[in-house]
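Okay, structure first, notes after.
Take a look at the structure:
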């Protein structure tokens, strides 16, 4: 997919308005959904005629880089999993070898994330990228995976746009 931070132009516009620019959560959502389907993502910025990158574009790129520093493992060199997106949710999947990544954009009520698609195994481990401890999990009623997220509020975690679970040993 090819996108431009400025939704109205692929070049620099001195009269651009902030409302015409992609915000960081939208950029990350587009990146994740594209990669989940096996695509490549190109994000354009329009430098000035002097070759200067406008501060607002710098801000967006730095925020994306900060998110990728923590969650890039789920993006770089990943492949689509057997399920790309959980129906009715903002949870996307990628995979790398025997590891599946679940990237979710909404912190669930009560801190419990339900993922219907993974098939559990006895050797399964669940962690969250950017968080050092293993997470508690169990079979969800009706099948799938129920993960208890860290008991902290999402705003104190390193980033608040999207979080990634690393599922090892899932089928």
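In the working numbering, the protein residues as written are 5 to 175.
Glycine included, C-beta positions come from ideal geometry on N, C-alpha and C.
Measure the alpha-carbon distance for residue 27 versus residue 14 and round it to whole angstroms.
In a straight line, the C-alpha of residue 27 is about 16 Å away from that of residue 14.
Across the stretch 51–66 and the stretch 116–135, are there enough close Cβ pairs to call them in contact, namely three or more that are closer than 8 Å?
Of all C-beta pairs linking the stretch 51–66 to the stretch 116–135, fewer than three are shorter than 8 Å, placing the two stretches out of contact.
What do you get for residue 46, buried or exposed, if any count of 16 or more other CB atoms within 10 angstroms of its CB means buried?
The residue in question, residue 46, is exposed, as its Cβ has fewer than 16 Cβ neighbours within 10 Å.
Mind the definition here: the stretch 149–156 touches the stretch 125–135 only if three or more C-beta pairs lie below 8 Å; say whether that holds.
Cβ pair count under 8 Å is three or more, so yes.
Below 8 Å on the Cβ atoms is my contact criterion, and I expect residue 107 with residue 67 to pass it. Report the Cβ-Cβ distance as a whole number of Å.
The C-beta separation of residue 107 from residue 67 comes to about 16 Å, leaving the pair out of contact by the 8 Å criterion.
If residue 7 and residue 48 are in contact, beta carbons under 8 Å, what's the gap, nearest whole angstrom?
A Cβ-Cβ distance of about 7 Å is found for the pair residue 7 and residue 48, placing them in contact under the 8 Å criterion.
Can you tell me the Cα-Cα spacing of residue 81 and residue 170, whole angstroms?
Taking the straight line joining both Cα atoms gives about 15 Å.
Go through its chain and collect everything with a Cβ distance to residue 144's Cβ below 6 Å, but skip five positions before and after it.
Excluding residues within five positions, the ones whose Cβ falls inside 6 Å are 118, 150.
On a CA-only basis, which of 109, 85, 52 is nearest residue 101? Give me that one, please.
Answer by Cα proximity: 85.
Can residue 112 and residue 148 be called in contact, C-beta distance under 8 Å?
No Cβ-Cβ contact shorter than 8 Å links residue 112 with residue 148.
Just the Cα atoms here: how many angstroms apart are residue 3 and residue 83?
The chain is shown only over 5 to 175; residue 3 falls outside these bounds and no answer can be derived.
DSSP beta-bridge partners of residue 106
Answer is 97, 169, bridged to residue 106.
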